[in-house]
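Colleague: The structure's right below; bear with me while I get my questions together.
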Amino acid sequence: MKAELEQLIALQKTDTSLRKLQADIEAIPDRRAEIEREFDQRAFEIRDLEKRRDDSRAERARLEAEVVEQRTRVERAERNLMSSQNEHEYTSAIREADAARKQISQLETQILEKMETVEQSEATLQEREPENDQLRTEMEARLREFEEQTRTQTEQLAAARIERERLLSVLPKQMSAMYNRIATRIRDGVAVAEARNGSCTACFMPVRPQMMVEVRRGQEIITCENCNRILYYAAATENMQEPNKSRANATSEVAAS
-1 MKAELEQLIA LQKTDTSLRK LQADIEAIPD RRAEIEREFD QRAFEIRDLE KRRDDSRAER
59 ARLEAEVVEQ RTRVERAERN LMSSQNEHEY TSAIREADAA RKQISQLETQ ILEKMETVEQ
119 SEATLQEREP ENDQLRTEME ARLREFEEQT RTQTEQLAAA RIERERLLSV LPKQMSAMYN
179 RIATRIRDGV AVAEARNGSC TACFMPVRPQ MMVEVRRGQE IITCENCNRI LYYAAATENM
239 QEPNKSRANA TSEVAAS
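Using our numbering, you'd call the opening residue of the sequence shown number -1 and step up by one each time.
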């Protein structure tokens, strides 16, 4: 029974590790987004400068297109002026040409302002390029580290699943069924709990002295009267390993001689 109890403890530790690894892997998208969000916040001023530059370029292009339209309007007004046959047509053509030229002047002023904004933004971005490169390098390093951690966790999860199946395969079916039944019923999935200082460490309820004696012996499966988890005594599991250590030491001494 001691060996089976030790296997149950190992199974519980494996399941606990499995749950943690699974939770970590499920949280990967959020954790990656948090890393990217952190660096976006640090690079906010640079992003703002880039946006201001790009917006100014787009606005300049729009203004230049409007200048072309107004110049076409001037040309049309000048043609109308040349072909005017009365004072009304003549005056209308002059007014249209003047209005278009005035609009062109205003547009060209705005274009110059946008050009200055682009130049200033470019100059500032060039000055801060080393800072931007450093931020990008740091983020890429963090993401590489994160990807490596993710790969490691995925490998650990696969190994833990294999170990779980191995432990279940060597347990008596009745005992593995009991373990699964308790683990499924309890919210945190902890079916095996340590009894320490006269209490169950899972539900913190006292364990009767006589029951504690049986738990210490480790000769049979004892469950908590309150939460029904399988109880074990940590010192007992340590003592289980002592004979194996002694045999290993004896073997080493014989080999050395």
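All residues carry an ideal CB built from backbone N, CA and C; glycine is no exception. These numbers were taken from a predicted model, which means no experiment stands behind them.
Measure the CB-CB distance between V213 and A200 and report whether it falls below 8 Å.
Modeller: Against a cut-off of 8 Å, the Cβ pair of A200 and V213 comes out as no contact.
Colleague: Which ranges would you report for the beta strand (DSSP E) in the region 104 to 171 if only whole runs of at least 3 residues count?
Modeller: Correct list: empty.
Colleague: Expressed to the nearest angstrom, what Euclidean distance is found between the alpha-carbon atoms of L141 and T150?
Modeller: Between L141 and T150, the C-alpha separation is close to 14 Å.
Colleague: Which residues mark the beginning and the end of the alpha helix (DSSP H) in which R194 is found?
Modeller: No alpha helix (DSSP H) contains R194, which is instead part of the beta strand (DSSP E) from 190 to 194.
Colleague: How many angstroms separate the CA atom of Q124 from the CA atom of L47?
Modeller: Cα to Cα, Q124 sits roughly 11 Å from L47.
Colleague: Taking C-beta to C-beta, are I23 and L155 nearer than 8 Å?
Modeller: The answer is yes: Cβ separation under 8 Å.
Colleague: Please go through the same chain and pick out, in chain order, the residues whose beta-carbon is closer than 7 Å to the beta-carbon of E64, but skip the five residues on each side of it.
Modeller: Cβ within range, chain order: L105.
Colleague: Closest by CA to M113, which one among T135, I102, N195, R50?
Modeller: Looking at the Cα atoms, R50 is the closest of the given residues.
Colleague: Alpha carbon to alpha carbon, how far is E2 from F144?
Modeller: Each residue's alpha carbon lies about 38 Å from the other.
Colleague: When you compare each of A31, T221, E85, M210 to V188 by their alpha carbons, which one comes out closest?
Modeller: Considering only alpha carbons, the answer is T221.
Colleague: Distance, Cα to Cα, T107 vs M137?
Modeller: Rounded to the nearest angstrom, the two C-alpha atoms are 41 Å apart.
Colleague: Which whole-angstrom value is the C-beta distance of L165 and A8, which I expect to be below 8 Å?
Modeller: That belief holds up - the Cβ atoms of L165 and A8 are roughly 6 Å apart, short of 8 Å.
Colleague: Use the C-beta contact count for T12: other C-beta atoms within 10 angstroms, 16 or more gives buried, fewer gives exposed.
Modeller: When all chains shown are included, T12 counts as buried.
Colleague: Quick one: what does DSSP say I228 is sitting in, helix, strand or coil?
Modeller: Looking at I228 - three-state DSSP - the assignment turns out to be strand.
Colleague: With distances taken from CA atoms, which of Q20, E43, R134 is nearest E34?
Modeller: Taking only the C-alpha atoms, the option nearest E34 is R134.
Colleague: Hey, L16 and R159: beta-carbon distance below 8 Å or not?
Modeller: Taking 8 Å as the Cβ cut-off, L16 and R159 qualify as a contacting pair.
Colleague: Per DSSP, P207 is paired with what?
Modeller: P207 is not bridged to any residue.
Colleague: Could you give the residue range of the alpha helix (DSSP H) that holds D53?
Modeller: Counting along the chain, the alpha helix (DSSP H) containing D53 begins and ends at 42 to 80.
Colleague: Excluding the 5 residues preceding and the 5 following D131 in the sequence, name in chain order all residues of the same chain whose CB lies nearer than 7 Å to its CB.
Modeller: Result list for D131: empty, nothing under 7 Å.
Colleague: Can you give me the Cβ contacts of Q68 inside the same chain, cut-off strictly under 6 Å, excluding the 5 residues immediately before and after it?
Modeller: For Q68, where only same-chain residues beyond five positions count, the Cβ hits under 6 Å are A98, Q101, I102.
Colleague: Taking the alpha helix (DSSP H) that I23 belongs to, which residues open and close that run?
Modeller: Note, I23: alpha helix (DSSP H), 0 to 24.
Colleague: Roughly how far, in whole angstroms, is the beta-carbon of L229 from the beta-carbon of A191, given that I think they are within contact range, below 8 Å?
Modeller: With a Cβ gap of about 6 Å, L229 and A191 count as contacting.
Colleague: If we ignore side chains and look at the alpha-carbon of each, how far apart do D28 and L19 end up?
Modeller: Spanning the two alpha carbons is a distance of roughly 15 Å.
Colleague: Determine the direct distance from the alpha carbon of C225 to that of S167, and round the result to whole angstroms.
Modeller: Approximately 26 Å, taken between the alpha carbons.
Colleague: Does the region 75 to 87 come close enough to the region 52 to 59 to have 3 or more Cβ pairs within less than 8 Å?
Modeller: In short, these stretches do not touch, since the Cβ pair count stays below three.
Colleague: Using DSSP with H/G/I as helix, E/B as strand and the rest coil, what is I220?
Modeller: It is a strand residue.
Colleague: Spatial neighbours of S119 within its chain, please: C-beta separation below 8 Å, excluding the five flanking residues on both sides.
Modeller: Within the same chain, S119 has close Cβ partners L47, E48, R50, R51, S54.
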